[in-house]
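Sequence positions in the sequence shown follow our numbering and run 1 to 247.
Beta carbons are placed, not taken as given, at the ideal position from N, Cα and C, and that holds for glycine.
Down below is the structure, laid out as structure tokens.
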Amino acid sequence: VQGDATGAAIGAEGLRRWNPPELGMVFPGRFIPLAEQFGLNDELTRYVLEAGIGTLARWQGDPATAQLRLSLNVSVQSFNTDDFARTLAGIVDVHGVDASKLTLELSEHVMAQSHEHVAGRMAEVKKLGVRLSLDDFGTGYSSLAYLKTLPLDEVKIDGGFIADLEHAESNRALVKTILVMARNLGLAAVAEHVENIRQEAFLRAFGCDFFQGYLYGRAMPADAFIASLAEKPNGGPRHIQALRQSA
Ligand code: MG
Ligand code: MG
């Protein structure tokens with residue numbers, strides 16, 4: 001679940017779970033390396049795009065949920081394949097979605113690829129109206145000069161920095177710097193793994209735009225997410241405002 005600075009839910013990040021009855025729940029940390037090992041990465045990416053964009057189409061079919069955004073994680077390897085943009089365009093087309101509500105999250109590893117190649121791929125995807133986010137930001141691969149030449153919409157501050165905000169001055173300094181940088185480059189900033197109101201207050205004070213984490217809702221099936229919004233008549237996690245007032 002992702003919220004904005006007012007505490008309203010603006011959308012969600014789609015997370016993959018593989019739930020074969022004979023094995024029980026398998027998390028991405030295990031099945032992604034397996035998919036890579038067996039050369040199924042592109043199949044997996046296609047499946048994630050199909051499932052995610054299908055979900056977005058259902059949301060957009062209902063005025064109550066039409067404004068929600070969905071972020072999907074895409075591996076740098078798949079993003080770099082020649083027909084990625086064509087595949088994505090095909091799926092967007094079939095489902096007839098407003099692609100501006102779709103965000104693709106790419107890990108910072110994308111910065112380790114050839115600049116020309118990545119910039120070209122990104123431009124193709126941007127033509128479809130899809131937003132691009134740089135995930136796990138701050139963990140090590142970004143050069144600032146590089147960053148400003150790519151058509152990104154958003155940086156997503158790595159959750160590791162958020163978890164330690166309260167305990168480490170160095171993390172506070174780093175997060176502040178990232179937020180200032182994002183603003184100066186005209187990028188939206190998203191913080192993930194936000195777990196409590198103190199972390200959120202710090203992030204808001206320094207201009208973070210969007211927030212994601214347990215404070216707004218645990219990972220849950222898409223239907224449960226929509227149901228959780230419907231339970232709150234004004235839309236959005238109203239309990240955030242109540243928590244802020246009591247803090
Ligand atoms: Mg992500
Ligand atoms: Mg992350």
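Check, Outcome
"Three-way DSSP call (helix, strand, coil) for Thr-103 in this model", "strand"
"First through last residue of the alpha helix (DSSP H) which encompasses Asp-93", "84-95"
"Close Cβ partners of Val-194 (< 8 Å) along its chain, the five nearest in sequence each way excluded", "Ile-162, Glu-200, Leu-203, Phe-211, Gln-212, Gly-213, Tyr-214, Leu-215 and Tyr-216"
"Reduced DSSP secondary structure (H/G/I, E/B, other) of Arg-131", "strand"
"Span of the alpha helix (DSSP H) around Asp-223", "222-230"
"Phe-202 - partner residues in DSSP beta bridges", "Partner(s): none; Phe-202 has no beta bridge."
"Where Asn-73 falls, given that 16 or more other Cβ within 10 Å makes a residue buried", "buried"
"Coarse secondary structure for Val-190, derived from DSSP in three states", "strand"
"Euclidean distance between Cα positions of Leu-152 and Thr-103", "10 Å"
"Burial state of Lys-127 (16 or more Cβ within 10 Å)", "exposed"
"Segment contact, 8 Å Cβ cut-off, at least three pairs: the stretch 162-176 with the stretch 109-118", "no"
"Environment of Arg-131 [buried if 16+ CB atoms lie within 10 Å]", "buried"
"Cα-Cα separation, Asp-62 to Arg-86", "27 Å"
"Closer than 7 Å: Asp-135 CB and nearest ligand 1 heavy atom", "yes"
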